[in-house]
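The structure appears below as structure tokens.
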């Protein structure tokens, strides 16, 4: 019995040793690598870059009042279209008491002078009617009376402006009415009825009643890295991609490249602007985030291969071309390369469209 057990253990040990050697031998054998063969293709290769930015109107006009006061009425709201001269708001003037008092005093003096001129003229007119004075004498008093009337009217207008912000003869076109200075779309009306507003002067820029812009004249405003700005030129075609509008591209033309860059996060960036062409019937909103796809260089209908199939020996590019099958045998062939878009690369010479290349 002991002899049988000893034989069994010996056989088991030998089997384990043989199995270990077989396993190690298989592990040491090189794996068979199967390569996929591809053919060069004719395609168009573009080298592009993206500039991030947003959509803005070319000109945003801020409408500000000509006087200080309180907004009494608003006739428009954001999104409305307005024409030049169209009414936007009406103000109620809060008069300056010192200015109002001076205007009132001047008006009273003008009234006294007018009354005196009227009395003198009436007296002289009676004498003229009795033919006791000449035509020249009555004309002199008539001129004095007319001057007094004009001075009274001037003082009355000054008083009305100080009190109400407009004269009685110009209520519809006075400074209390805020009108659009351009035609376009109202982008924003930041003030509400009852808010106080001030006019523009040497001490402040004034209160903006509304912002108006022509939404048919839009720009893409973005920034591009210094490594690529040298490849841009004015009137260069650009494709605008708006994040909020899926699957749409808008044509644009580059019209501004900043002559000076600004440093942002360690990189120098240059501002660019491109005029966006809006298809008829479409409406774009100001402030959309957008990207500008700029084609820096392009090769039309050229022979190309995936860039991953390209190898380098020092500085010499080459590919491995299938020479025979069963088994696959490849030969090295040097090539001359051209434009690359990061995925595919142009092959100028070295291979033909019929060759099979190891990928």
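Residue numbers (this note's numbering): 7 to 365.
For glycine and all other residues, C-beta sits at the position ideal for the given N, C-alpha and C.
Owing to the predicted nature of the structure, the values given are computational and were not obtained by experimental measurement.
Strand pairing of residue 334, partner residues [DSSP]: According to DSSP, residue 334 bridges with nothing at all.
Starting from residue 234, trace the alpha helix (DSSP H) both ways and give me its first and last residue. 232-235
Test item: CB-CB of residue 105 and residue 123 under 9 angstroms: Cβ atoms of residue 105 and residue 123: not closer than 9 angstroms.
N- and C-terminal bounds of the beta strand (DSSP E) containing residue 307: 295-312
Determine the DSSP secondary structure at residue 183, reduced to helix, strand or coil. Note: residue 183 maps to strand in three-state DSSP.
Report the residue ranges of all beta strand (DSSP E) runs contained in full by the stretch 187-263; include only those spanning at least 3 residues, in chain order. 190-194, 216-219, 224-231, 243-248, 255-263
In terms of alpha-carbon separation, which member of 94, 78, 79 lies closest to residue 85? 94
Taking C-beta to C-beta, are residue 294 and residue 228 nearer than 9 angstroms? Taking 9 angstroms as the Cβ cut-off, residue 294 and residue 228 do not qualify as a contacting pair.
Measure how close the beta-carbons of residue 76 and residue 290 come, nearest whole angstrom, since I'm counting them as under 8 angstroms. No, residue 76 and residue 290 are not in contact; Cβ-Cβ is about 36 angstroms, not under 8 angstroms.
Exposed or buried, what is residue 350 when buried is set at 16 or more other beta-carbons lying within 10 Å of its beta-carbon? buried
Considering only residues of the same chain and omitting the five flanking positions on each side of residue 165, which have a CB-CB separation below 7 angstroms? 109, 110, 113
So, for residue 19: in the same chain, excluding its five sequence neighbours on each side, which residues have a beta-carbon less than 8 angstroms away from its beta-carbon? none
Using DSSP bridges, identify the partner residues of residue 283. BP columns for residue 283 are empty, so no partner.
By DSSP, does residue 139 sit in helix, in strand, or in coil? coil
What number of angstroms, rounded off, separates the C-alpha of residue 231 from the C-alpha of residue 312? 27 angstroms
According to DSSP, residue 273 sits in a beta bridge with which residue or residues? 270
Using only CA atoms, which one of 360, 259, 269 lies nearest to residue 224? 259
Assigned exposure category for residue 341 - 16 Cβ within 10 Å defines buried: With 16 or more other Cβ atoms from the protein chains shown falling within 10 Å of its own Cβ, residue 341 counts as buried.
Where residue 327 and residue 364 are concerned, what is the direct C-alpha to C-alpha distance, given to the nearest angstrom? Looking at the two C-alpha atoms, the distance is approximately 6 angstroms.
Please confirm whether residue 85 has its beta-carbon closer than 9 angstroms to some beta-carbon of chain B. Of the protein chains in the structure, only one exists, and it is not chain B.
Assign residue 340 to one of three DSSP states: helix, strand, or coil. strand
Rounded to whole angstroms, what is the Cα-Cα separation between residue 203 and residue 222? Roughly 30 angstroms between the two C-alpha positions.
Report yes if the CB atom of residue 119 is closer than 9 angstroms to the CB atom of residue 158, and no otherwise. yes
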